[in-house]
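Each residue of the sequence shown is one higher than the one before, counting from 107 in our numbering.
Reading through the structure tokens given below for one structure.
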Amino acid sequence: MTNFDQISALKPFKTMWRIRVKVIRLWKQYSARAGESIEMVLVDSSIHATVKNDLVSHFEAVLNEGCSKKLINFVVAHSYGYKIQFLPMTRVRLCGDLPLRLTGFQPVHFREILDGNLNTDFLVDVDVIGQIVELSPPLEIVAVNGKDTKKISCELRNEE
Numbered sequence: 107m108t109n110f111d112q113i114s115a116l117k118p119f120k121t122m123w124r125i126r127v128k129v130i131r132l133w134k135q136y137s138a139r140a141g142e143s144i145e146m147v148l149v150d151s152s153i154h155a156t157v158k159n160d161l162v163s164h165f166e167a168v169l170n171e172g173c174s175k176k177l178i179n180f181v182v183a184h185s186y187g188y189k190i191q192f193l194p195m196t197r198v199r200l201c202g203d204l205p206l207r208l209t210g211f212q213p214v215h216f217r218e219i220l221d222g223n224l225n226t227d228f229l230v231d232v233d234v235i236g237q238i239v240e241l242s243p244p245l246e247i248v249a250v251n252g253k254d255t256k257k258i259s260c261e262l263r264n265e266e
């Protein structure tokens with residue numbers, strides 16, 4: 107069997123990577139600047155991946171949420187941590203030997219968040235389990251990197 111790289115070993119400035127991953131989240135995104143893209147969260151550990159506008163039609167049919175894939179020949183960009191970017195020469199193959207229970211879900215305890223023990227630069231990558239006790243309507247508009255962004259606030263109850 108061919109050797110594969112671990113997500114934790116990925117670094118920028120190389121295109122000959124070979125990984126086996128499970129697509130745990132997949133969605134299309136549109137921006138006025140870049141057009142349509144396919145965004146994914148991949149897991150063997152966890153990393154974000156992007157298929158840019160000019161390659162969406164090429165990869166759209168072979169990328170499905172919940173499926174395990176082999177990805178060969180892509181670049182790793184340095185954007186809010188590392189992020190995989192597909193290239194015209196990227197190959198996507200089926201991979202049937204990853205465990206079905208591989209979900210990428212790694213919940214943290216409320217206490218770790220409240221005590222400030224987590225890196226707040228990356229709280230977007232934090233999984234929590236709790237009961238939603240309040241949502242704040244309407245959407246709040248906040249500035250993120252100089253752009254107005256919609257924000258929904260909610261209060262969670264710890265069920266531990």
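In this text, a Cβ means the ideal position worked out from N, Cα and C, and glycines have one as well.
Values in this document were obtained by computation on a predicted structure and should not be read as measured data.
| said: Our contact map puts V198 next to N170 with C-beta atoms below 8 Å; I'd like the distance itself, whole angstroms only. | reply: Position 92 of the sequence shown holds residue 198. Position 64 of the sequence shown holds residue 170. At roughly 10 Å, the Cβ-Cβ gap does not stay under 8 Å, so V198 and N170 are not in contact.
| To which residues of the same chain is G172 closer than 8 Å at the C-beta, ignoring the five residues directly before and after it? | Walking along the sequence shown from the start, residue 172 turns up at place 66. Closer than 8 Å at Cβ, skipping near neighbours: K128, V129 and I130.
| request: State the DSSP-derived secondary structure class of E265, mapped to helix, strand or coil. | output: As a position in the sequence shown, residue 265 is number 159, starting the count at 1. If DSSP states are grouped into helix, strand and coil, E265 belongs with coil.
| message | Quick check on the burial criterion: 16 or more other C-beta atoms within 10 angstroms. Buried or exposed for L177? | response | Start at 1 with the first residue of the sequence shown, and residue 177 comes out as number 71. L177 should be labelled buried.
| query | Taking the alpha carbon of F165 as the point to measure from, which residue in I247, G252 and W133 has its own alpha carbon closest? | reply | As a working mapping, residue 165 is identified with position 59 in the sequence shown. With distances taken between Cα atoms, F165 lies closest to W133.
| So L220 is in the alpha helix (DSSP H); what residue range does that whole segment cover? | Stepping through the sequence shown from its first residue, residue 220 is reached at position 114. Its alpha helix (DSSP H) spans residues F216 to L220.
| Taking the alpha helix (DSSP H) that V168 falls in, what are its first and last residues? | Taking the sequence shown and counting its residues from 1, the one referred to as residue 168 is at position 62. Per DSSP, V168 belongs to no alpha helix (DSSP H) and is neither H nor E.
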